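Novice: The opening position of the sequence shown corresponds to residue 53 in our numbering, with each subsequent residue numbered one higher.
Don't be surprised by glycine CBs; every beta carbon is placed ideally from N, CA and C.
Every value quoted in this text rests on a predicted model; they were computed, and no experiment measured them.
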Amino acid sequence: MLSYISLHPDGWQENSYIALCGVGSAPIQRFLEEVPQLEEIVLCLDNDEDGHNAAMHIARELLAEWEVEVSAHFPQQKDWNEELLRPFPEENLEPVMAM
Numbered sequence: 053m054l055s056y057i058s059l060h061p062d063g064w065q066e067n068s069y070i071a072l073c074g075v076g077s078a079p080i081q082r083f084l085e086e087v088p089q090l091e092e093i094v095l096c097l098d099n100d101e102d103g104h105n106a107a108m109h110i111a112r113e114l115l116a117e118w119e120v121e122v123s124a125h126f127p128q129q130k131d132w133n134e135e136l137l138r139p140f141p142e143e144n145l146e147p148v149m150a151m
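This is the structure we're talking about:
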């Protein structure tokens, strides 16, 4: 989660972030029970077969029970930690270093 926020810092304080601690929808379901007015969920899972399958599974579960927009955002690398560690062009370093 911190790697994702480091890579996408714009407006991070205006959003809520949930660590799934695996690939299930239970943490999101609990959050939606507490914040039912939530309109959009972006799943940021690993860019591998398991991550893509989990995104589809979680999206189906959420859409079956909640009126919420669900999308997925995958890193170019295998996961968000690897994405953060890949070499940056120098002009991209400043926003990450400022956090």
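Going by beta-carbon coordinates alone, are L97 and A71 separated by less than 8 Å?
Specialist: no
Novice: Which first and last residues belong to the beta strand (DSSP E) in which A71 is found?
Specialist: Neither: A71 is in no beta strand (DSSP E) and is coded neither H nor E.
Novice: Should M132 be labelled buried (16 or more other beta-carbon atoms within 10 Å of its own) or exposed?
Specialist: Checking the sequence shown, residue 132 turns out to be Trp, not Met. Under this definition W132 is a buried residue.
Novice: So what does DSSP say about L114, is it helix, strand or coil?
Specialist: Helix.
Novice: Could you give the residue range of the beta strand (DSSP E) that holds L95?
Specialist: 92-95
Novice: Looking at the unbroken alpha helix (DSSP H) that takes in S123, where does it start and where does it end?
Specialist: Element bounds for S123: not the alpha helix (DSSP H) but the beta strand (DSSP E), 121-124.
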